[in-house]
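Before any comments, here is the structure.
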């Protein structure tokens, strides 16, 4: 988001709308605009006077103008950049007193920077007070028509209150404090071209205004699968490499941590139609091959009233280990970690390493590494050297013959912070 502010003569909301109409042909296009405003400190020489604020989004489209009296005009666009509507906001409060016209963004997590526009604010930070509900916020900038503060710890969804030497006023709208997201189901499998329905929740209830992504790409793409705005993932026509992708949900307002769920895409298996009891005698020795089966199999089927079917020897198919999730997935240097790994094909694993920049990270030591009998869960005690560099590591498990992928896919990434 971009914000520009200059001292200027008094400009009313009608003039703001007219000025915008004259320049609307130059407005950039592509996506629906959100009224999100980045915080920019007012230069010291402007602290004693009001400014006109022009607010732009990431596509350099004008989304709001606030004049010196705190009156505002906001602009909403459609998906291709056409103006849908222009809204005006007048400061709400007693004449000649303190008043609030709007604040931006309208939602965020604790720590989000919020700008409150209006009139009657003091030019000095110490002369104003700003509250999110009953929680007082620390102001970082002040002007007669704008205050800037961060959402304080403990704040809940509530109106914003401003107090200045001219009085006190509470906004008619509430600021929504966003909570941590969770995704259901937490992991999934899907055949190629299959569909999986995901639901994002906040404090146990369905979350509103969520942005979905596949491997960090909003909406996904045909190679890794796509996801709709309501959380329906459609697997690609061909199994991706690696076959596990990561679905993430993030609040549209930004600032909140994302929730993630891995999806493993599987090839289509033969359709089983019907069966009846038969006697099967397996040939020996059994044949062990890789996943790309090029050898024949041997099964003898004897039916009491039918022909005997003979094919070649039975096959044991081995798959490479895949890490789906780590618990915990982050730790600080010098911190001991009891690590739990969830995955598939972990049976027979003999080593566990942390890789950084495509090399084994010697600052991370592994002890007591073990794998459950079904090969879906492994545990280890991890010791991180106090001098370890911060950043992401790829966790890799290896059997005697195969190893999990060296690329970070979300579920196998451990962060030292």
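Numbering (our numbering), first residue to last: 1 to 417.
We treat Cβ as the ideally placed atom computed from N, Cα and C, and that holds for glycine.
Please read these numbers as outputs of a predicted model, since none were measured by experiment.
Here the C-alpha atom of residue 83 lies approximately 15 Å from the C-alpha atom of residue 65.
Exclusion of the five residues before and after residue 149 leaves 114, 130, 137, 138, 139, 140 as the residues of its chain whose Cβ lies within less than 7 Å of its Cβ. Close CB contacts of residue 97 within its chain, under the 8 Å cut and outside five residues either way in sequence, are with 120, 166, 167, 169 (chain order).
Sequence-distant Cβ neighbours of residue 348 in its own chain, meaning closer than 6 Å and more than five residues away, are 399.
Looking at 396, 337, 363, the one whose alpha-carbon comes closest to that of residue 381 is 337. Take residue 195, set aside five residues on each side of it, and the residues of its chain with a beta-carbon closer than 7 Å to its own are 232, 233, 234, in chain order.
DSSP links residue 416 through a beta bridge to 331, 391.
Annotation: the segment 345-411 contains the following complete segments of the beta strand (DSSP E) (minimum length 3 residues), in chain order: 351-356, 364-371, 377-384, 391-398.
Ranked by Cα distance from residue 252, the first of 200, 267, 241, 220 is 200. Contact check for residue 192 and residue 238: beta-carbon distance about 6 Å, within the 8 Å limit, so the pair qualifies.
In this structure, residue 208 lies away from residue 103, with their beta-carbon atoms at least 9 Å apart. Here the C-alpha atom of residue 161 lies approximately 18 Å from the C-alpha atom of residue 69. Nearest in C-alpha terms to residue 125, of all of 134, 110, 145, is 145. For residue 188, the enclosing beta strand (DSSP E) begins and ends at 188-191. Residues 330, 332, 390 of the same chain have their beta carbon placed closer than 7 Å to that of residue 417, with the five preceding and five following residues left out of the count.
When the five nearest sequence neighbours on each side are left out, the beta carbons in the same chain lying within less than 7 Å of the beta carbon of residue 203 are those of 179, in order along the chain. Here residue 262 is actually not in contact with residue 352; their C-beta atoms are around 19 Å apart, not less than 8 Å. Assigned with DSSP and collapsed to three states, residue 83 falls in strand.
One alpha carbon belongs to residue 361, the other to residue 354, and they sit about 6 Å apart. A distance below 9 Å separates the beta carbons of residue 377 and residue 340. Considering only 249, 152, 175, 205, the residue with the shortest C-alpha distance to residue 159 is 175. Taking the Cα positions, residue 397 is about 7 Å away from residue 321.
Annotated as distal: residue 205 and residue 250, with beta-carbon spacing of 9 Å or more.
Here the alpha carbon of residue 405 sits roughly 24 Å from the alpha carbon of residue 227. With a cutoff of 9 Å on beta-carbon distance, residue 334 and residue 386 are scored as near each other. Taking the Cα positions, residue 395 is about 22 Å away from residue 266. Looking at the DSSP output, residue 340 sits in a beta bridge with 327, 379. Check the Cα spacing between residue 87 and each of 94, 77, 95, 81: the tightest is with 77. Look at residue 319 here: in three-state DSSP terms it is coil, with no helix or strand label. Short of 8 Å from the beta carbon of residue 128, and not among the five residues preceding or following it, lie these beta carbons of its own chain, in chain order: 121, 122, 139, 142, 147, 162, 163, 164. Distance check between residue 67 and each of 117, 109, 75, 94 places 117 closest, using alpha-carbon atoms only. Within a 10 Å sphere around the beta-carbon of residue 177 sit 16 or more other beta-carbons, which makes this residue buried. With respect to the C-alpha of residue 383, the residue from 370, 375, 366, 182 having the closest C-alpha is 366.
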